[in-house]
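> When we follow my numbering, the leftmost residue of the sequence shown carries the number 24, and every step to the right adds one.
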Amino acid sequence: MRHLRVGVAILTMGNRPAELQALLDSVAKQDLPPAHIVVIGNGSPLPPLPHGAVGVELSDNLGISGGRNVALDELRKLGDLDLVVDLDDDGLLISPDVFSRLAELHTSDPKLGVVSFRVADELGRTQRRHVPRLRVGDPARGGLVTTFLGGGHSLSVPMLDEIGGWPDEFFYAHEETDLAWRALDRGWRIRYAPELVLQHPYTSPTRHAVYHRMVARNRVWLAKRHLPALLVPLYLGVWALLTAARSRSAAGMRAWAAGFAEGVRTPCGRRRPMRWHTVWHMTRLGRPPVV
């Protein structure tokens, strides 16, 4: 049986050259060598790249979604692929068999569309928000899930051919959920595989007001794009209540409210509500699309 052909996509804003080089070194040590590596300078110049890595410098920052779509287009130009692996530029593959184990997972299940890595810090600790389940439990427990982590994952190219790429409009925040919901609605599976580790420094996502605005705006867009009409107000109402209960910053809440209003009044792309069968399937997996 032939090995699956893997393409690697990395976005960088040019501010982590040492971390980027360490990541590329860890990619080079994989026992299943990638067919192609593309590094996108998202609105920034790129540092010198190792032989075999293709760099693309964008004049503007297109966000995570836009930058990853550019990487996908470039990988397609370079040759036929079976899998695309997206990696954060400050992540690190600490095991040399990540790509070969990914290939085994996808080969054994042709309808496996996404494999989500476990993100852990230098001490092996995984933050709650890095486990793609509503009930987190043991971060080392894997299984089928309804979304995945942006920092480290694989995407089936046949799945991408069927459902399309990343939602350009989102820029960043919830772009993984948008892709995941489209995949699930077309019968693809998403697996959290905690044995595949991306080492990543501890970070907090709530560093600036734009985070709160985009989280709120894109959550409204998710509902408008993908949920059956009956679930839209329920989903948004639940998240409005949760956000108000969790908020510790008046400025953050103001930014969130502005983003929510922006999401309501602005277009978000074509509406294609998921089937009720998909809603039930997600509920059985532990996360109905209302929370």
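Ideal Cβ placement from N, Cα and C applies to all residues, glycine included.
Output yes if chain C places a C-beta closer than 8 Å to the C-beta of K100; else output no.
The displayed structure is made up of one protein chain only, and chain C is not part of it.
> Apart from the five residues on each side of it in sequence, which residues of its chain come closer than 6 Å, Cβ to Cβ, to S49?
L115 and L116
> Measuring CB atoms only, is the stretch 253-263 touching the stretch 195-209, in the sense that at least three cross pairs come out at less than 8 Å?
no
> Quick one: Cα of D161 to Cα of L167, how far?
14 Å
> In whole angstroms, what separates the C-alpha of M24 from that of D54?
Only weak support is given to the placement of M24: the predicted model assigns it a pLDDT of 46, under 50, and the value that follows is read from those uncertain coordinates. Here the alpha carbons of D54 and M24 stand approximately 16 Å from one another.
> Leaving out five residues on either side along the sequence, give the residues of the same chain with a beta carbon under 6 Å from the beta carbon of H235.
The answer, listed in chain order, is G275, A278 and W279.
> Based on Cα-Cα distance, which residue from S270, P181 and V243 lies nearest to R99?
Of the candidates S270, P181 and V243, the one whose C-alpha sits nearest the C-alpha of R99 is P181.
> Going by beta-carbon coordinates alone, are L128 and A216 separated by less than 8 Å?
Yes, the pair counts as a contact, with Cβ atoms nearer than the cut-off.
> With DSSP as the reference, label R141 as helix, strand or coil.
strand
> Would you grab the beta carbon distance between L106 and S177 for me? Rounded to a whole angstrom, and I think it's under 8 Å.
5 Å
> Along the chain, where does the beta strand (DSSP E) that runs through R212 open and close?
R212 to Q222
> Taking the beta carbon of G102 as the centre, do at least 16 other beta carbons fall within 10 Å, making it buried, or is it exposed?
exposed
> Check the DSSP bridge columns for L72 and list the partner residues they point to.
None; L72 has no bridge partner.
> Would you check if there are 3 or more beta carbon pairs closer than 8 Å linking the stretch 63-77 to the stretch 135-155?
no
> In or out: G260 buried (at least 16 other Cβ within 10 Å) or exposed?
exposed
> On the criterion of 16 or more Cβ atoms from any shown chain inside 10 Å, does E80 qualify as buried, or is it exposed?
exposed
> Please name the residue in T130, T200, T35 and R205 whose C-alpha comes closest to that of H26.
Per the Cα distances, T130.
> What is the DSSP secondary structure of D102, reduced to helix, strand or coil?
In the sequence under discussion, the amino acid at residue 102 is Gly, which differs from the Asp named in the question. Note: G102 maps to coil in three-state DSSP.
> P70: which of V137, M237, V314 and G37 sits nearest, CA to CA?
It is G37.
> Using a 10 Å radius around the Cβ and a threshold of 16 neighbouring Cβ atoms, would you call K134 buried or exposed?
exposed
> Going by CA-CA distance only, name the one from L47, T306 and V154 that's closest to G165.
V154
> Name the DSSP bridge partner or partners of V79?
I63
> Taking 6 Å as the limit between beta carbons, can you name the residues of its chain near P40, skipping five residues before and five after?
P70
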